[in-house]
């Protein structure tokens, strides 16, 4: 299960409460491009339209730029594939105040490209500072233990 792309900013800006796995509806050249790691999830998010989940603003570069159609859009909306039961539970959870759906990782699983996304709650500024302090102290402790 090699990870092709990861949204590290989402882990810093949001507290991930629960994760889900979904398939993506892609064209052939998009699949080839993603397998080469040419996908960017940083500014992307997931919305619900007509009881379907859509990945918005994920940038997938064209596989062969010189051969690409003039109509190819790298940031077009892409449909996510989930079971109806999962979609209904996600609709209920996403309507709660302060919760959103954030894409976390893109990876391959048994030859198919999958997207891991999570139900996220935004962190406050002081929570981010605490996380940085904690990471710094852990790093310093590891350095001290290495010297011993």
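Residue numbers (the working numbering): 1163 to 1310.
Note that the Cβ used here is the ideal one computed from N, Cα and C, for glycine as well.
Bear in mind that the values here come from a model prediction, so they are computed numbers and not experimental data.
Given residue i, which residues of its chain have a CB within under 8 Å of its CB, disregarding the five upstream and five downstream residues?
{"i": "residue 1179", "result": "1261, 1280, 1281, 1282 and 1283"}
{"i": "residue 1196", "result": "1166, 1167, 1188, 1222, 1268 and 1275"}
{"i": "residue 1215", "result": "1184, 1208, 1209, 1241, 1242, 1244, 1249, 1252 and 1263"}
How many whole angstroms separate the CB atoms of residue i and residue j, which I take to be in contact at a CB cut-off of 8 Å?
{"i": "residue 1176", "j": "residue 1263", "result": "Actually they are not in contact, since the Cβ atoms of residue 1176 and residue 1263 sit about 10 Å apart, beyond 8 Å."}
At the level of alpha carbons, what is the spacing between residue i and residue j?
{"i": "residue 1211", "j": "residue 1259", "result": "18 Å"}
{"i": "residue 1170", "j": "residue 1233", "result": "30 Å"}
{"i": "residue 1287", "j": "residue 1174", "result": "11 Å"}
{"i": "residue 1219", "j": "residue 1163", "result": "24 Å"}
So, for residue i: in the same chain, excluding its five sequence neighbours on each side, which residues have a beta-carbon less than 6 Å away from its beta-carbon?
{"i": "residue 1194", "result": "1225"}
In terms of alpha-carbon separation, which member of the options lies closest to residue i?
{"i": "residue 1257", "options": "1199, 1213, 1186 and 1164", "result": "1213"}
{"i": "residue 1238", "options": "1273, 1205 and 1297", "result": "1205"}
{"i": "residue 1236", "options": "1203, 1247, 1292 and 1272", "result": "1203"}
{"i": "residue 1186", "options": "1198, 1246, 1265 and 1277", "result": "1277"}
{"i": "residue 1182", "options": "1247, 1292 and 1303", "result": "1247"}
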